[in-house]
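Residues in the sequence shown are numbered from 9 upward in steps of one, following our numbering.
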Amino acid sequence: MNFLSPEALLALLLGSLYGAIFGAIPGLTATLAISLAIPVLLFLGPEVALAALIGITATAIFAGDIGSVLVRMPGTPASAAYTEELHEVARRRSPAFALGISALPSAIGSLIGLGFLVVGSLGLVALARQFSSFEYFWLVLLGILSGILAVPRVLKGAIAFGLGMLLATIGYDPALGNPRFTFGQRDLLGGIDFIVALIAFFGVSEVLYHLLHGSRGQSPHPQGLGRGSILSQYFGEAGRYCWQERGSLARSSLLGTFVGFLPGAGSDIAAWISSNLRRMRKGRPEQVALDGSSANNAAVAGAWIPAMALGLPGDTLTAILLGMFLALGITPGPELFNKHGALVLQIYLAFFLVSVVMLPLGGYLSALIVQNLLKIPTRVLMGAVLGLCVVGAYAVNNNPSDLYLLAVLGALGFVLRQGGFPLGLVVLGMVLGPLLEQHFMVSMIKTHWNLLSFFERPLALLLAILNVAMVVGVLGFRRGWWAALRWPAEERA
Numbered sequence: 009m010n011f012l013s014p015e016a017l018l019a020l021l022l023g024s025l026y027g028a029i030f031g032a033i034p035g036l037t038a039t040l041a042i043s044l045a046i047p048v049l050l051f052l053g054p055e056v057a058l059a060a061l062i063g064i065t066a067t068a069i070f071a072g073d074i075g076s077v078l079v080r081m082p083g084t085p086a087s088a089a090y091t092e093e094l095h096e097v098a099r100r101r102s103p104a105f106a107l108g109i110s111a112l113p114s115a116i117g118s119l120i121g122l123g124f125l126v127v128g129s130l131g132l133v134a135l136a137r138q139f140s141s142f143e144y145f146w147l148v149l150l151g152i153l154s155g156i157l158a159v160p161r162v163l164k165g166a167i168a169f170g171l172g173m174l175l176a177t178i179g180y181d182p183a184l185g186n187p188r189f190t191f192g193q194r195d196l197l198g199g200i201d202f203i204v205a206l207i208a209f210f211g212v213s214e215v216l217y218h219l220l221h222g223s224r225g226q227s228p229h230p231q232g233l234g235r236g237s238i239l240s241q242y243f244g245e246a247g248r249y250c251w252q253e254r255g256s257l258a259r260s261s262l263l264g265t266f267v268g269f270l271p272g273a274g275s276d277i278a279a280w281i282s283s284n285l286r287r288m289r290k291g292r293p294e295q296v297a298l299d300g301s302s303a304n305n306a307a308v309a310g311a312w313i314p315a316m317a318l319g320l321p322g323d324t325l326t327a328i329l330l331g332m333f334l335a336l337g338i339t340p341g342p343e344l345f346n347k348h349g350a351l352v353l354q355i356y357l358a359f360f361l362v363s364v365v366m367l368p369l370g371g372y373l374s375a376l377i378v379q380n381l382l383k384i385p386t387r388v389l390m391g392a393v394l395g396l397c398v399v400g401a402y403a404v405n406n407n408p409s410d411l412y413l414l415a416v417l418g419a420l421g422f423v424l425r426q427g428g429f430p431l432g433l434v435v436l437g438m439v440l441g442p443l444l445e446q447h448f449m450v451s452m453i454k455t456h457w458n459l460l461s462f463f464e465r466p467l468a469l470l471l472a473i474l475n476v477a478m479v480v481g482v483l484g485f486r487r488g489w490w491a492a493l494r495w496p497a498e499e500r501a
């Protein structure tokens with residue numbers, strides 16, 4: 009396998025441009041970009057598909073800042089953490105400089121996160137090789153609890169996860185072979201297709217949300233990138249400022265990597281914590297924007313550490329990634345490193361190329377495109393998104409019944425979003441629910457249904473204690489000074 013093939017490099021380039029455009033336009037999030045791209049990527053090889061996925065993920069998270077600079081509207085929840093400060097910098101100095109202090113810290117944060125991804129994933133894999141089904145059960149449960157406890161309203165998070173887990177049980181029971189919750193429908197015997205559900209929850213529900221709440225006219229008129237020496241402001245002045253703030257840049261990148269590593273967290277939480285810490289220190293708008301942008305992109309690589317090494321998603325995007333891995337016939341975890349070592353190296357190289365080339369250079373080029381796309385009426389954009397949802401859902405299996413499923417799940421996603429239930433946890437339930445069931449059933453069958461066996465191995469007992477300690481600690485922690493750092497609940501929708 010040769011990652012430097014023209015096909016893979018082209019996929020990385022096009023994926024980066026596609027992700028940047030989607031991430032920059034308010035309402036078209038990184039999650040939506042990946043959801044719509046997966047039906048196409050499934051027909052490509054693992055190397056090409058993963059190269060495109062990495063390009064989409066990294067640039068879409070950064071590109072949310074483009075909307076903040078041009079129209080004072082964040083393209084992604086992560087960018088909402090410092091939208092006001094970034095737009096103030098664009099208005100007071102220049103949009104090109106504001107984009108520069110977003111793109112360059114994003115690239116540096118991504119590189120620092122990549123370093124920890126390489127070292128951390130290899131270390132975790134060495135530990136994971138000692139795991140049996142008991143340890144994996146507690147580890148998956150740890151990921152579940154982390155995701156639920158990470159949202160502002162724990163009860164709604166638990167309900168959303170339970171719903172996702174319930175949807176994942178539809179179809180044949182993997183242990184006993186009996187059909188479950190199919191209601192006599194033959195099309196449901198194979199279960200609910202993960203890709204179709206993904207498009208419904210993050211695509212169709214987004215269109216319905218904008219029909220009810222979105223603007224009926226055009227997006228706010230964007231300001232241009234300015235006149236004069238745009239490139240010198242984007243690279244020169246912004247680069248010098250980043251060098252002056254190199255200490256803060258390193259700290260926020262390390263913080264973002266750590267937050268991204270935590271199961272259930274993600275780039276938006278990392279951005280809110282990092283930017284709020286800078287605000288508490290009376291930082292200038294440039295400093296707040298720099299810290300937030302470096303943290304959210306470092307968190308992207310940090311979230312890949314548990315995903316690659318343990319098969320646990322660090323956030324919604326990596327939950328989708330795990331589904332993509334499984335759809336391509338690749339099992340994340342130690343098996344990924346044992347059987348697909350070359351693919352792991354290619355993933356590292358893709359992150360490096362995106363960080364070094366796509367974020368600083370592609371960010372500037374995509375901003376030139378996006379400032380014109382932002383003039384398109386919202387209803388036209390949403391109509392195009394709905395068309396892509398229908399085509400993508402049908403293309404997965406060429407099954408007309410998937411379109412009915414798309415409509416039902418899309419309406420369900422819209423209702424859940426209206427009620428304040430996090431859709432990311434529904435997806436997490438569809439990914440981790442079957443894994444939890446699998447490791448539970450394997451453990452029960454080989455111990456003849458002895459529940460005490462989950463506590464007999466020292467490592468399993470340690471993970472069980474860690475689960476309890478995390479629940480008690482997080483619930484107590486959130487009653488204290490966490491309130492000073494928490495992010496608004498509406499940004500987690």
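Glycine included, C-beta positions come from ideal geometry on N, C-alpha and C.
Item	Value
Nearest-angstrom Cα separation, counted from Y217 out to V393	13 Å
Start-end ranges of the beta strand (DSSP E) lying completely within the region 52-98, minimum 3 residues	none
Every unbroken alpha helix (DSSP H) inside the region 117-191 [4 residues or more]	141-157, 162-176
Residue of G310, D323, S256 minimising C-alpha distance to L285	S256
V267 beta carbon less than 8 Å from that of A66	no
Pick from Q241, P466, I116 that is closest to L262, judged by C-alpha positions	I116
Meets three-Cβ-pair contact criterion under 8 Å: the region 100-120 and the region 293-304	yes
Of the listed residues A16, A19, I33, nearest to P385 (C-alpha basis)	I33
Inter-residue spacing [alpha-carbon to alpha-carbon] between F243 and V416	48 Å
Contact the region 339-352 vs the region 62-81: 3+ CB pairs below 8 Å	no
Three-state class that DSSP yields for P321 in the structure shown	coil
DSSP three-state assignment for E498, whether helix, strand or coil	Low confidence applies here, because E498 scores a pLDDT of 40, under 50, leaving its location unreliable; read the following figure in that light. Helix.
Buried versus exposed call for G236 [16 or more other C-beta atoms within 10 Å across all chains shown]	Residue placement at G236 is poorly supported in this model, since its pLDDT is 47, which falls under 50; the coordinates still yield a value, given next. The residue is exposed, with fewer than 16 neighbouring Cβ atoms inside 10 Å.
Neighbour-count burial assignment, H456, 16 or more Cβ in a 10 Å radius	exposed
Element boundaries [alpha helix (DSSP H), containing D410]	409-426
Residue range of the alpha helix (DSSP H) that includes L265	In the sequence as displayed, the identity of residue 265 is Thr instead of Leu. Here the alpha helix (DSSP H) through T265 covers 254-269.
Alpha-carbon to alpha-carbon, A45 and Q226	Unreliable placement is indicated for Q226, whose pLDDT of 43 sits below 50; the coordinate value is still reported in the next sentence. Looking at the two C-alpha atoms, the distance is approximately 26 Å.
Residues near V450 in its chain [Cβ-Cβ closer than 6 Å; skip 5 each side]	S141
Range covered by the alpha helix (DSSP H) that runs through E15	14-32
Beta-carbon proximity check, G108 vs Q241, cutoff 8 Å	yes
I355, enclosing alpha helix (DSSP H) - first and last residue	349-361
Start-end ranges of the beta strand (DSSP E) lying completely within the region 437-488, minimum 3 residues	none
Nearest-angstrom beta carbon gap, G31 and G63 [assumed within contact, 8 Å]	With a Cβ gap of about 12 Å, G63 and G31 do not count as contacting.
For G225, three-class secondary structure by DSSP	With a pLDDT of only 43 at G225, under the threshold of 50, the placement of this residue in the model should not be trusted, and no figure is reported.
CB-CB length for V404 against L50, believed under 8 Å	7 Å
Alpha carbon of L36 to alpha carbon of G83, nearest angstrom	7 Å
Inter-residue spacing [alpha-carbon to alpha-carbon] between L433 and F209	11 Å
Bridge partners - P430, DSSP secondary structure assignment	In the DSSP output, where bridge partners are listed per residue, P430 has none listed.
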